[in-house]
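Each remark here refers to the structure printed beneath this line.
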Amino acid sequence: MTFIQNTEILIRKSDKCISKIFFKNGINIANFDSNFELISSSKVIDNIKGSTDIWFDIDEQDNIYGIYDDKQGSLIKIDINNDKINKASIISYDNSKHTISFPYISKIGKDIHIIYYLKDNKSKLYKLIHNIKRDKEDIMSIIDIVGYEDINNFTVICDNTNISVFYFKVVKGYEEVFMCTLNHENSIWYNPIQITNSNKEKIHLSVTKGTNNTYHIAYSENNSSKYQPIYKRVDLNKEGISISDSVYVNKSSACNIPHIIEHKNILHMQWIEYGNLNISKSSDFGKSWGTPIIDDDSIEYPFIRYYYKSNCEADKEYKVSNVYGCRNYINILGI
246 MTFIQNTEIL
256 IRKSDKCISK
266 IFFKNGINIA
276 NFDSNFELIS
286 SSKVIDNIKG
296 STDIWFDIDE
306 QDNIYGIYDD
316 KQGSLIKIDI
326 NNDKINKASI
336 ISYDNSKHTI
346 SFPYISKIGK
356 DIHIIYYLKD
366 NKSKLYKLIH
376 NIKRDKEDIM
386 SIIDIVGYED
396 INNFTVICDN
406 TNISVFYFKV
416 VKGYEEVFMC
426 TLNHENSIWY
436 NPIQITNSNK
446 EKIHLSVTKG
456 TNNTYHIAYS
466 ENNSSKYQPI
476 YKRVDLNKEG
486 ISISDSVYVN
496 KSSACNIPHI
506 IEHKNILHMQ
516 WIEYGNLNIS
526 KSSDFGKSWG
536 TPIIDDDSIE
546 YPFIRYYYKS
556 NCEADKEYKV
566 SNVYGCRNYI
576 NILGI
């Protein structure tokens, strides 16, 4: 069948019930029971067209919350609890001077962390911004200045009090992957660390935190006018940081939107190629990869990419940030 070029959000609660957040004349939420039977569906926001303007997550009490840019100078926080939807402005900005992209929100303890790209409409300069809402405090810091080009998404990894953000930054005219980590003791960001230095165009960054403080990084890289799926690993330990060599997973000429899933010490890289879902596996933590296969269901059914968040105990053995799933019924592909 065909890949639907869109991104939706799947959130699984501790009781295995699922909420799907999707775009249809705005942002909508559909709630399913543990057997994937539809319970309810409602509109959350009008006039929001895509995933670059929103983010949703789930807290430890199974409450869904999120953030979106109203395009009128405010980032709006949303709280959804038992079909009750509350909205309130959490950040204001001058939309005649600035544009915000990819707003992100996460609750850690009593703190609310908000990260986004801020573009100066005059100079076209992009900054990666972090805000902390802490009681009556509002702490704002610049994580990095990422360049003047059109920006790709960033990825935030939250683990208890630890926050790390991975992003592309333009260096000598090319996108390179950078990592920056927040010092939670003083709420100051450490200096950014450059992860790649290939001097090649890159798109579609995805990061998954695996076991033993390992970060699995996937992206598409332009090599002789062919976009190929690349894997890279970052290990954090007491001695510091270790960065693996880049590994070409497949000499593909049409790699699109790759990501990594870790399950029982096996890595699964998935990407789109000519409308089909390709999967390659590694049993040595990314040093070598098997011959890609095409997922059968992706041939038979229309499918889509999802951001995936879960409080379900059974899901903890999967280390995952994104998944591909069937569009017309909830079925995760490739795992």
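Residue numbers (the working numbering): 246 to 580. Note that beta-carbon positions come from the ideal geometry of N, C-alpha and C, so glycine has one too.
Residues in its own chain within less than 6 Å of residue i by CB, not counting five upstream and five downstream?
| i | result |
| --- | --- |
| Ile272 | Val289, Ile290, Ile293 |
| Ala333 | Lys322 |
| Asp356 | Ile377, Arg379 |
| Ile577 | Val568, Gly570 |
| Leu427 | Ile408, Trp434 |
| Asn458 | Leu481 |
| Ile438 | Met424 |
| Asp298 | Tyr313, Asp314 |
| Ile538 | Ile524 |
| Tyr563 | His508 |
Compute the Euclidean distance between the alpha carbons of residue i and residue j, then round it to the nearest angstrom.
| i | j | result |
| --- | --- | --- |
| Ser368 | Gly392 | 10 Å |
| Lys277 | Asn326 | Position check: residue 277 holds Phe in this sequence, whereas Lys was assumed. C-alpha separation (whole angstroms): 15 Å. |
| Ile388 | Glu382 | 19 Å |
| Arg478 | Ser527 | 13 Å |
| Ile488 | Ser287 | 45 Å |
| Asp480 | Ile284 | 42 Å |
| Ile266 | Tyr493 | 33 Å |
| Asn556 | Ser386 | 30 Å |
| Thr406 | Cys425 | 15 Å |
| Asn431 | Ser351 | 18 Å |
| Gly295 | Ile345 | 13 Å |
| Asn398 | Tyr476 | 17 Å |
| Gly311 | Lys329 | 13 Å |
| Glu507 | Lys454 | 9 Å |
| Phe248 | Tyr546 | 9 Å |
| Ser491 | Gln515 | 17 Å |
| Asp302 | Thr252 | 15 Å |
| Arg572 | Phe268 | 12 Å |
| Lys532 | Tyr460 | 14 Å |
| Thr456 | Lys417 | 34 Å |
| Asp339 | Asn495 | 45 Å |
| Glu421 | Glu282 | 43 Å |
| Trp300 | Asp404 | 18 Å |
| Trp534 | Asn510 | 14 Å |
| Asn270 | Lys316 | 16 Å |
| Asn442 | Asp324 | 41 Å |
| Lys554 | Phe530 | 23 Å |
| Asn436 | Tyr349 | 21 Å |
| Ile402 | Ile440 | 16 Å |
| Thr536 | Asn331 | 48 Å |
| Ser279 | Glu558 | 13 Å |
| Arg550 | Ile517 | 10 Å |
| Gln250 | Ile396 | 18 Å |
| Leu370 | Phe347 | 15 Å |
| Lys483 | Phe548 | 42 Å |
| His429 | Leu363 | 23 Å |
Would you mind giving the Cβ-Cβ distance between residue i and residue j, rounded to the nearest angstrom? I have them listed as a contact below 8 Å.
| i | j | result |
| --- | --- | --- |
| Ile374 | Tyr361 | 6 Å |
| Ile274 | Tyr552 | Going by Cβ atoms, the distance from Ile274 to Tyr552 rounds to 14 Å, so no, they are not a contact pair. |
| Gly485 | Asp540 | The Cβ separation is near 38 Å, so there is no contact. |
| Ala463 | His504 | 5 Å |
| Ile390 | Lys372 | 5 Å |
| Asp560 | Arg257 | 6 Å |
Kindly list the residues whose CB is nearer than 8 Å to the CB of residue i, restricted to its own chain and excluding five residues on each side of it in sequence; keep chain order.
| i | result |
| --- | --- |
| Lys445 | Tyr419, Glu466, Asn467, Asn468 |
| Thr400 | Val410, Phe411, Tyr412, Leu450, Ser451, Val452, Ser566 |
| Ile336 | Ser319, Leu320, Ile359, Asn376 |
| Lys342 | Asp365, Asn366, Lys367 |
Across which residues does DSSP place residue i in a beta bridge pair?
| i | result |
| --- | --- |
| Ile396 | Note: Ile396 sits in no beta bridge, so no partner. |
| Gln515 | His504, Ile524 |
| His343 | Asp365 |
| Gln473 | Glu466 |
| His358 | Ser351, Ile377 |
| Arg478 | His461 |
| Phe248 | Phe548 |
| Glu421 | Lys414 |
| Ile336 | Leu320 |
| Thr453 | His461 |
| Leu427 | Trp434 |
| Cys403 | Ile408 |
| Cys571 | Phe548 |
| Trp300 | Ile312 |
| His273 | A quick correction: the sequence has Asn, not His, at residue 273. Partner(s): Phe267, Lys288. |
| Glu640 | A query on residue 640 cannot be resolved here, the shown segment of the chain reaching from 246 to 580 and no further. |
| Asn331 | Asp324 |
For residue i, I'd like the list of residues in its chain whose CB is within less than 7 Å of its CB, leaving aside the five on either flank, ordered along the chain.
| i | result |
| --- | --- |
| Tyr519 | Ala499 |
| Glu394 | Val415 |
Could you tell me if the beta carbon of residue i falls within a distance shorter than 7 Å of some heavy atom in the ligand NAP?
| i | result |
| --- | --- |
| Phe411 | You won't find the ligand NAP in this model; it holds no ligand whatsoever. |
Exercise. Counting pairs of Cβ atoms below 8 Å between the region 492-509 and the region 466-477, do you hit three or more?
Worked result: yes
Exercise. Does the count of Cβ pairs from the region 299-316 and the region 248-268 closer than 8 Å reach three?
Worked result: yes
Exercise. If we count Cβ pairs, one from each stretch, closer than 8 Å, do we get three or more for the region 443-459 versus the region 401-421?
Worked result: yes
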